[in-house]
Every structure is written in structure tokens, then in C-alpha cells.
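Participant: Quick mapping for you: the protein sequence lines, in order, are chains X and D. Per the working numbering, the very first residue in the first sequence carries number 182; after that it's consecutive. Per the working numbering, the very first residue in the second sequence carries number 182; after that it's consecutive.
Protein chains: 2
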Amino acid sequence: MKVTTLKDIANELGISVATVSKALKDYPDVNKGTKEKVLQTARKLNYSPNQLAVNLRTKQTKTIGVIIPTTVHHFFSKVIDGIIEEAEKKGYLVIILQSSEKLFLEKLQVNLLLDKRVDGILMSLSNKTNEFVHLKKVLSRNIPLVLFDKTEPSISCSKVRIDDKKAAYEAVSYLISKGHKKISHFRGDLNPKISNDRFEGYKEALEDHGITYDPSLVYLCNNNTDFEDGYNNAKKLIHENPEVDSIFTITDLVAIGAIKYFNENNIKIPDDVAVFGFSNWFMSSVVSPTLTTVHQPAHQMGVVATEILLDEIELNKENKPCLHKEIILPTKLIFRESC
Amino acid sequence: MKVTTLKDIANELGISVATVSKALKDYPDVNKGTKEKVLQTARKLNYSPNQLAVNLRTKQTKTIGVIIPTTVHHFFSKVIDGIIEEAEKKGYLVIILQSSEKLFLEKLQVNLLLDKRVDGILMSLSNKTNEFVHLKKVLSRNIPLVLFDKTEPSISCSKVRIDDKKAAYEAVSYLISKGHKKISHFRGDLNPKISNDRFEGYKEALEDHGITYDPSLVYLCNNNTDFEDGYNNAKKLIHENPEVDSIFTITDLVAIGAIKYFNENNIKIPDDVAVFGFSNWFMSSVVSPTLTTVHQPAHQMGVVATEILLDEIELNKENKPCLHKEIILPTKLIFRESC
DNA sequence: AAGGGGTTCGAAATCGTTTTCGATACAATC
DNA sequence: GATTGTATCGAAAACGATTTCGAACCCCTT
Numbered sequence: 182m183k184v185t186t187l188k189d190i191a192n193e194l195g196i197s198v199a200t201v202s203k204a205l206k207d208y209p210d211v212n213k214g215t216k217e218k219v220l221q222t223a224r225k226l227n228y229s230p231n232q233l234a235v236n237l238r239t240k241q242t243k244t245i246g247v248i249i250p251t252t253v254h255h256f257f258s259k260v261i262d263g264i265i266e267e268a269e270k271k272g273y274l275v276i277i278l279q280s281s282e283k284l285f286l287e288k289l290q291v292n293l294l295l296d297k298r299v300d301g302i303l304m305s306l307s308n309k310t311n312e313f314v315h316l317k318k319v320l321s322r323n324i325p326l327v328l329f330d331k332t333e334p335s336i337s338c339s340k341v342r343i344d345d346k347k348a349a350y351e352a353v354s355y356l357i358s359k360g361h362k363k364i365s366h367f368r369g370d371l372n373p374k375i376s377n378d379r380f381e382g383y384k385e386a387l388e389d390h391g392i393t394y395d396p397s398l399v400y401l402c403n404n405n406t407d408f409e410d411g412y413n414n415a416k417k418l419i420h421e422n423p424e425v426d427s428i429f430t431i432t433d434l435v436a437i438g439a440i441k442y443f444n445e446n447n448i449k450i451p452d453d454v455a456v457f458g459f460s461n462w463f464m465s466s467v468v469s470p471t472l473t474t475v476h477q478p479a480h481q482m483g484v485v486a487t488e489i490l491l492d493e494i495e496l497n498k499e500n501k502p503c504l505h506k507e508i509i510l511p512t513k514l515i516f517r518e519s520c
Numbered sequence: 182m183k184v185t186t187l188k189d190i191a192n193e194l195g196i197s198v199a200t201v202s203k204a205l206k207d208y209p210d211v212n213k214g215t216k217e218k219v220l221q222t223a224r225k226l227n228y229s230p231n232q233l234a235v236n237l238r239t240k241q242t243k244t245i246g247v248i249i250p251t252t253v254h255h256f257f258s259k260v261i262d263g264i265i266e267e268a269e270k271k272g273y274l275v276i277i278l279q280s281s282e283k284l285f286l287e288k289l290q291v292n293l294l295l296d297k298r299v300d301g302i303l304m305s306l307s308n309k310t311n312e313f314v315h316l317k318k319v320l321s322r323n324i325p326l327v328l329f330d331k332t333e334p335s336i337s338c339s340k341v342r343i344d345d346k347k348a349a350y351e352a353v354s355y356l357i358s359k360g361h362k363k364i365s366h367f368r369g370d371l372n373p374k375i376s377n378d379r380f381e382g383y384k385e386a387l388e389d390h391g392i393t394y395d396p397s398l399v400y401l402c403n404n405n406t407d408f409e410d411g412y413n414n415a416k417k418l419i420h421e422n423p424e425v426d427s428i429f430t431i432t433d434l435v436a437i438g439a440i441k442y443f444n445e446n447n448i449k450i451p452d453d454v455a456v457f458g459f460s461n462w463f464m465s466s467v468v469s470p471t472l473t474t475v476h477q478p479a480h481q482m483g484v485v486a487t488e489i490l491l492d493e494i495e496l497n498k499e500n501k502p503c504l505h506k507e508i509i510l511p512t513k514l515i516f517r518e519s520c
């Protein structure tokens, strides 16, 4: 019933709390005999240290915080999987918070984690995040911070991401190489760097291949209902630009919304319109036609970001300076039926 | 840089730590003037209480632990979404751990959470969990525990789940009402209650409608690669029982694996074989043909389980006894093209 | 002048560890 | 016998907050 403390063990054996503590941590200045007795009664009383007290004393919580836009997302759930896996391996626990794409929540959650005295923070910024005082606060407190996926160049901390521009460039170049000329882009929200990068990659690929960029072929997805965004934009696209021959979408979910519209309206994929997605969700190999897309190493991103964070935490503990890294993970085009 | 403590505020104003603490918590026995001064300097020095110290003193962490088999799963990610949402609303943080369907990890993680002094624990048991000492340990420590989805009758704590047997019964009865007679079942792992319940529902529905249960029509999915399990079992099924006219699967993912096999081999759904899934994943409305399935209220399950847990934590704090509830959330058949 | 009542404050204990540093005891050395 | 060395232990401070309880003070009353 009652949780046993060092004091209980000390009382049981008639020795001091200090000795018990040292015995359990195998200090050299405690007799072998008493060490054994302490170990025995500790086991007998089912002792396990109160982490709260340990944390208060050592000023470490062996806990990291994660703030992401949402957990209900194949990409993020795989990242989380990687984070938890890596953290657990090194003995750290993970607190997860969702910003739900809201800046004020993101700020609030940063404060929660700081108050909780987490040893480090992992973040993927919300689509609405356009100021960064809350991130600077973390850095000024000397708490390691690693940004992944949705990052921000102006903040000097480690980052793990993909080269969105290059990946988009490659995808659109592939469409062009297959003879497509009227290439639409269903782009993401205007604020986050990744959707701007992908948009830039799209534009640059067009221009490098002698196709003039046509703004009327670009459609915005910002309702946070990716699937319906894709569906509705596909409908608009077909009415406004019937001669379109392909689409490059910001994400697979948008692509799948478009595919659904095309399937329902007897528009053949890829013959009438080719579709190129982004992320390589599990679903993209299941949908019909299967979706050509860009593979994003989600699990690896979680693992690598956590590795870097834990390294920085260790360096921090020893008061060593740490250089911030920016890791660019490789992407890969996955060719399937939709192109 | 340095984090401010109560002491800093006290020194700044030349008063005691005790008064500062009481001023910040609006105790009646502190002068209005000093209250204001304390509030001002607290704001000026950007004070926020060290939760570690607060927790140690108050013996509450305002943190709950969650142990689930995996996060990379549409169902669980929606449950997590509900949990985090509800917890955050009430000012609680959430630590998430994955058992990866391994009993020894589940046990270890329970201990981690107990050491961390979480205020309560939310669990969905792994498929391999067939002993429960670790759960009893939680209860004996008087820490509220709520099981959801994968629960265990022999443990006396609150539970939130669906009526798996009834849902399966309804699904299979629907197949029968549509004239199907050779109904296969792709069942889940042998251990967990939910897959046995669904199996029982399947069997009972057959028997109640005068169809004799045929064990050779039941296939096991236990490779934890649901999708491929479905694909491979579909292949075996067609070779061993070519006259089959429908399948009821343990989960949508299995169903989608089967659908993929049927699509590839020109077996028409639902004309040759009808497919009935379970869970109503997002994907099931996207796949072709769209999947008839059982809707499971995942988000709600997370919210309700958390509500109950937090209620029990409150009661616990006041040393009031609490009755354990068992909530059965309603399911719903979703009719689409595959049946 | 004594007592009662109200206001305002702070000393100190407490939560459960960790860790420093001094104390003690005993053996060995010269 | 004084000194040094070694082994073993524990008192106490510290981490940063919360909370009890008594002290101090002033104002009124009688």
C-alpha cells in the first residue's frame, strides 16, 4: 500500500538515509555487508526511487517534450513512433502535445513543457507559426531544441528535414519528362516553409524546362481537411482548366481527394490527368489507381531528431558547447500507376 | 538566463519566501499592497513555478500515462487525439508509451510510469498480455487505472470499450440477410478478448440463422502486418474454399489487404466475394470499392476514458471511494460498396 | 492597564532524494 | 605514543515549493 522510501529502509536497518542512498548507488565508501543488507531490504520492501525527488535534486527529468500539429496523421504518427522508440532506448520518457495548427496553443504548450522542466523539446511548427519568441525563450533557457519537418531558418538550433524544394523539383521534372505540359499544383498553406519550398520546386522545374509558370493552375489547400481540399480543387480545376494533363499535390491526402473526384467523374488516371502525390502514405499503395509519390522517411526523421536532441542534452549537462546540425534526410520518388 | 524562484522574488522585495508563495496563491492573510508588489516583480522576473518542487510537495504530477500497443495505427492515433485533447482541457499532460504488443515491455512501462508518479494510467492491453500482476500493482498503489479497447474482465477498474461480439453479430447477420451463406472470417490474434469476442459474434450469428459453423473458413491474422495478413489469407481462402461468397474481417486493414488481392486477380467485389471490415478507418471510404464496415468511435473512446480517469483521480485526491464504471460505446454499421 | 480581536508576516517543517564533508574507529607505521 | 592512513558512516545542506503555527503589532474595549 504505502510506497517505501529511503527512510523506511534506513529505519528497518537502523542506519542513516545517506548510507542507504549510497549503498543503492554502489558508492565505494560503504561496507559490502551493509550494501547487501540494503539491497535485500530494498527488494523486500519493493523500493523504487521517487523520481520527483530525484528530478528536483538532479535537475533532470529524463523526459522530453514533443509539440506537433496533430497526431492523427500517418506521417506524424510514424515520426512519433520513431521518437518514442529512440527515447525509450535511452531511458527517456516522452510528453506529446498537439498544437492543432494554432500558434497560441503552441506558445502555451512550450510554457507547459518549460514549467515541467523537460530536458529538451522536439517541435514541428504549426502552419500558422509566424513569430518565434516562444522558441527563443526555450533557447534562452538553455534547453536543447530540435525542429523537424516544419522548421524555421531564423532560429539557431538543430533541424531535421527533407529538401522539399528538390523533391518537388524532381517530381515535376518527372511529369515533364513524361510529356506533360499543363501541370497543375495543389499547394499547401501559404505560411509554412515546406509548402513554399515545394511550390518553388514546382515553379523552378517548369521554368528550367521551358514551360512558363501559370498562376491560374495553382490551387490552395488550407482548410485542414486535406482530403476534401483535394476533391474540391479537382472539381474547380477541371471546370476552369479542362485542358490540364497532370497535378502535383502538396500531400498524398490531397492527391487521393482528387483521385476520388476523377474516379467518380470518369476522368481516367493517368491518361486524362496524371497525379503525383507527396509523402508515400501507406494508403497510396492501396488506393486505385495506386499513387506515384515522394517517399518521406518519417520514422527515421523521428529517430534522428531524437538522437540529436539527446546528444545535445548530454553535452548540455557537461556544460560543453554544442554545434547545431541541420540534417537533410533523403527522399525518393515512388513510381506507381497514377503517373 | 537563470530561472527565477520564489527566493529571488523574496530577496528583491526584502520579504520571506512564505509570504511570496502565499501572495501568489492569493491567501487571505497577506496585505493587498504586498500582494501587488509580489505580483509585479513575479511578472517582471518572469517567474513560473518549478513544477518538480510543486509536485514533490503536493504529491501530484498533473500527468497521466498512456500505454498502447502502437501509435502508427489510425484507430489508436484517434484515441490519442481524444486523450490529449481531454487531458489538456483539464490541465493534465500525457506521457505516451508503446508496448509494441510485447508483455515484458508493457510491464516495464507500467513501472516507469509508477516511478514517474503519474496521477493515473490509461491502457489498451497488448495482444500478448495474459497475466496481470502489473495491473494489480497499479491498483494496489491506489493509482487510478482505466482500460480501453483491449480490456480484461478479471481486473476491477473502469473500462471503456465497444461491444465487439454484438458488432460482429450485426455485421455477419447483415451478410446473411443479403443472401450470403459461405461466410469466411479473418480473425485476429488468439489471445485478446476483442478478437475472441468478434469471433464469437461471427459464430453466433451463423448459428442463429441456421448456418453451421465451418472452422475451415476461419483464418488467423497474427503477423502484426495486418495488410499482408489480409492479402495472404485471401489468396489461401480462394484456393482452399473457392465457393466462398463473403468475408468478415477483424479489421479494415485486413479487409483492404484482401481487397487488393481480389482486385489484382479479377475477383469482383461484392459480386464474387463481399467484404465486411471493422473500424471504419478513414481509408475505407477511399479504397475501391469503398468498404462496408463497423464504425468504432475512436476519438470518443479516448475522451471518455480520460474523463473517467480524471474523475477518479479527483475522487482519489479527496479520499472518496470510487465505483468503477464499464462504458460500452455504441458502434454503427457503415454501408458502402463492398457488400 | 489589561485583555481581546484582527491583520500581517515569517520561521520552520515537509516532500524524498543526492552529495559533501567531517567524525569516528581501527590498524599500521615510525 | 604520536602520527598517518584507511575504511565506514552519518549529519546536514540543498533542490523549490507549500503550509502550519506562532509571533508581532496595532486598535478597541472595558
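Glycine included, every Cβ here is placed at the ideal spot set by N, Cα and C. Keep in mind it's a predicted model, so treat the numbers as computed, not measured.
1) Beta-carbon separation of X:Ala436 and X:Gly382 under 7 Å?
2) So which residues on chain D does X:Met464 lean against when the C-beta distance must stay under 7 Å?
3) Exposed or buried, which one is X:Asn236 when buried takes at least 16 other CB atoms within 10 Å?
4) Which residue wins for smallest C-alpha separation from D:Ser335, given the options D:Thr310, D:Leu356, D:Ile324, D:Ile343?
5) Where does X:His476 fall in DSSP's three states?
6) Per DSSP, what kind of secondary structure is X:Glu312 in: helix, strand or coil?
7) Starting from the beta carbon of X:Lys298, find every residue of chain D whose beta carbon is closer than 7 Å, and list them in chain order.
8) Quick one: residues in its chain with C-beta nearer than 8 Å to the C-beta of D:Ser466, no 5 flanking neighbours on either side, listed in chain order?
9) Would you check if the distance between the CB atom of D:Leu356 and the CB atom of D:Lys340 is smaller than 7 Å?
10) D:Ile494 by DSSP, collapsed to three states: which one?
11) Residue range of the alpha helix (DSSP H) that D:Gly438 falls in?
12) Tell me which residue opens and which closes the alpha helix (DSSP H) that X:Ile249 is part of.
13) Using CA atoms only, rank isn't needed, just tell me which of D:Asp344, D:Thr200, D:Glu495 is closest to D:Leu504.
14) Quick check: is the beta carbon of D:Gln477 nearer than 7 Å to any beta carbon in chain X?
15) What in chain D is Cβ-close to X:Ile343, meaning under 7 Å?
16) Is the beta carbon of X:Leu316 within less than 6 Å of some heavy atom of the ligand ATP?
17) Going along chain D, which residues have a C-beta under 9 Å from X:Thr444?
18) Would DSSP call X:Lys283 helix, strand or coil?
19) Between which residues of its own chain and X:Glu385 is the CB-CB distance below 8 Å, once the five residues before and five after are set aside?
20) What does the alpha-carbon distance come out to for the pair D:Gly360 and D:Tyr273?
21) Can you tell me whether D:His505 is helix, strand or coil according to DSSP?
22) What separation, rounded to the nearest whole angstrom, lies between the Cα atoms of X:Leu510 and D:Ile440?
23) Where does D:Gln221 land, buried or exposed, given buried means 16+ other C-beta within 10 angstroms?
24) Does X:Ile450 come out as helix, strand or coil in the three-state DSSP assignment?
25) State the Cα-Cα distance for the pair D:Leu371 and D:Phe380, rounded to the nearest angstrom.
26) Of the residues X:Lys288, X:Asn308, X:Met304, X:Ile375, which one's Cα is nearest the Cα of X:His315?
27) Going along chain X in order, which residues have a C-beta closer than 8 Å to the C-beta of D:Lys259?
28) Alpha carbon to alpha carbon, how far is X:Leu226 from X:Ala204? Give it in angstroms, no decimals.
29) Go through the segment 308-364 of chain D residue by residue and report every complete run of the beta strand (DSSP E) that reaches 3 residues or more, in order.
30) Could you tell me which chain X residues have their CB closer than 8 Å to the CB of D:Ser437, listed as they occur along the chain?
31) Starting from X:Ile508, find everything on chain D with Cβ-Cβ shorter than 7 Å and list it in chain order.
32) With a CB to CB cut of under 7 Å and the five nearest residues on each side skipped, what residues in its chain are close to D:Ser197?
33) By Cβ distance below 7 Å, which residues in the same chain neighbour X:Ala223 in space, the five residues on each side in sequence not counted?
34) So if I threshold CB-CB distances at 8 Å, which residues from the segment 263-281 of chain D count as touching chain X?
35) Secondary structure at X:Thr239, three-state DSSP: helix, strand or coil?
36) Taking contact to mean at least 3 C-beta pairs separated by less than 8 Å, is the segment 295-307 of chain D in contact with the segment 237-255 of chain D?
Facilitator: Inspection of the coordinates gives the following:
1) Mapped onto the first sequence, residue 436 of chain X falls at position 255. Mapped onto the first sequence, residue 382 of chain X falls at position 201. X:Gly382 is positioned such that its CB atom lies no closer than 7 Å to that of X:Ala436.
2) Here residue 464 of chain X corresponds to residue number 283 of the first sequence, with the count starting at 1. Under the 7 Å cutoff, chain D gives Met464, Val467.
3) By one-based count along the first sequence, residue 236 of chain X stands at place 55. Around the beta-carbon of X:Asn236, 16 or more other beta-carbon atoms lie within 10 Å, marking it buried.
4) As a working mapping, residue 335 of chain D is identified with position 154 in the second sequence. Residue D:Thr310 is the option with its Cα nearest to D:Ser335.
5) Position 295 of the first sequence, counted from the start, is the residue given in the question as residue 476 of chain X. In this structure, X:His476 counts as strand in the three-state DSSP scheme.
6) Here the question's residue 312 of chain X lines up with position 131 in the first sequence. The answer is coil: DSSP assigns X:Glu312 none of H, G, I, E or B.
7) Locating residue 298 of chain X in the first sequence gives position 117, counting from the first residue. Residue 298 of chain X is actually Arg in this sequence, not Lys. Chain D residues near X:Arg298: Asn231, Gln232, Leu233.
8) If you number the second sequence from 1, residue 466 of chain D lands on position 285. Around D:Ser466: Leu472, Arg517.
9) Residue 356 of chain D sits at position 175 when you count from the first residue of the second sequence. Residue 340 of chain D sits at position 159 when you count from the first residue of the second sequence. With contacts defined as CB atoms closer than 7 Å, D:Leu356 and D:Lys340 fail to qualify as a contacting pair.
10) Here residue 494 of chain D refers to the residue found at position 313 when the second sequence is read from its first residue. Correct three-state label for D:Ile494: helix.
11) Within the second sequence, the letter at position 257 stands for residue 438 of chain D. Segment 433-445, the alpha helix (DSSP H) holding D:Gly438.
12) Residue mapping note: residue 249 of chain X aligns to position 68 of the first sequence, counting from 1. That residue, X:Ile249, is in no alpha helix (DSSP H); its beta strand (DSSP E) goes 244-249.
13) Counting from one through the second sequence, the residue named residue 504 of chain D turns up at place 323. Checking every option, the nearest Cα to that of D:Leu504 belongs to D:Glu495.
14) Taking the first residue of the second sequence as position 1, residue 477 of chain D is located at position 296. Chain X, which has no Cβ nearer than 7 Å to the Cβ of D:Gln477, makes this no.
15) Here residue 343 of chain X refers to the residue found at position 162 of the first sequence. Chain D residues near X:Ile343: none, gap ~19 Å exceeds 7 Å.
16) For the ligand ATP, the structure offers nothing, since it holds no ligand at all.
17) In the first sequence, counting from the first residue as 1, residue 444 of chain X sits at position 263. With the sequence shown as reference, residue 444 of chain X is identified as Asn, and Thr is not the correct amino acid for it. Those are Ser469, listed as they occur along chain D.
18) For the purposes of this step, residue 283 of chain X is identified with residue 102 of the first sequence, where counting begins at 1. Residue state, collapsed to three classes: coil.
19) The count along the first sequence starts at 1 and reaches residue 385 of chain X at position 204. Excluding sequence neighbours, X:Glu385 sits near Lys346, Tyr350.
20) Residue numbering aside, residue 360 of chain D sits at position 179 when the second sequence is read from its first letter. Residue numbering aside, residue 273 of chain D sits at position 92 when the second sequence is read from its first letter. Those two C-alpha atoms are separated by around 51 Å.
21) By one-based count along the second sequence, residue 505 of chain D stands at place 324. Coil at D:His505, not helix or strand.
22) On the first sequence, residue 510 of chain X is found 329 positions in, with the first residue counted as 1. On the second sequence, residue 440 of chain D is found 259 positions in, with the first residue counted as 1. Whole-angstrom Cα-Cα distance: 34 Å.
23) As a position in the second sequence, residue 221 of chain D is number 40, starting the count at 1. Label assigned to D:Gln221: exposed.
24) Within the first sequence, the letter at position 269 stands for residue 450 of chain X. X:Ile450 falls in the coil class under three-state DSSP.
25) Here residue 371 of chain D is taken as the residue at index 190 of the second sequence, counted from 1. Here residue 380 of chain D is taken as the residue at index 199 of the second sequence, counted from 1. Near 10 Å, if we compare the C-alpha coordinates of D:Phe380 and D:Leu371.
26) Taking the first residue of the first sequence as 1, we reach residue 315 of chain X at position 134. Closest option to X:His315, Cα to Cα, is X:Lys288.
27) Locating residue 259 of chain D in the second sequence gives position 78, where the first residue counts as 1. In chain order: Val253.
28) Position 23 of the first sequence holds residue 204 of chain X. Position 45 of the first sequence holds residue 226 of chain X. If I take the Cα positions, the gap works out to 16 Å.
29) Fully enclosed beta strand (DSSP E) runs of 3 or longer: 326-329, 339-343.
30) As a working mapping, residue 437 of chain D is identified with position 256 in the second sequence. First, the amino acid is wrong: residue 437 of chain D is Ile here, not Ser. Listed by position along chain X, the residues whose Cβ is nearer than 8 Å to that of D:Ile437 are Val467.
31) Reading the first sequence from its first residue, position 327 is the one you call residue 508 of chain X. Those within 7 Å of X:Ile508 in chain D number zero; the least Cβ separation is about 22 Å.
32) As a first step, residue 197 of chain D must be located in the second sequence, where it is residue number 16. Correct list, in chain order: Ala191.
33) Sequence index remark: in the first sequence, residue 223 of chain X carries index 42 (1-based). Once the five neighbours on either side are set aside, the close Cβ partners of X:Ala223 are Ile190, Leu205.
34) From the segment 263-281 of chain D, only Ile265, Glu266, Glu269, Leu274, Val275, Ile276, Ile277, Leu278, Gln279 have a Cβ closer than 8 Å to chain X.
35) Indexing the first sequence from 1 puts residue 239 of chain X at position 58. DSSP places X:Thr239 in helix when its eight states are reduced to three.
36) Between the segment 295-307 of chain D and the segment 237-255 of chain D there are three or more inter-stretch CB-CB distances shorter than 8 Å, so the stretches are counted as touching.
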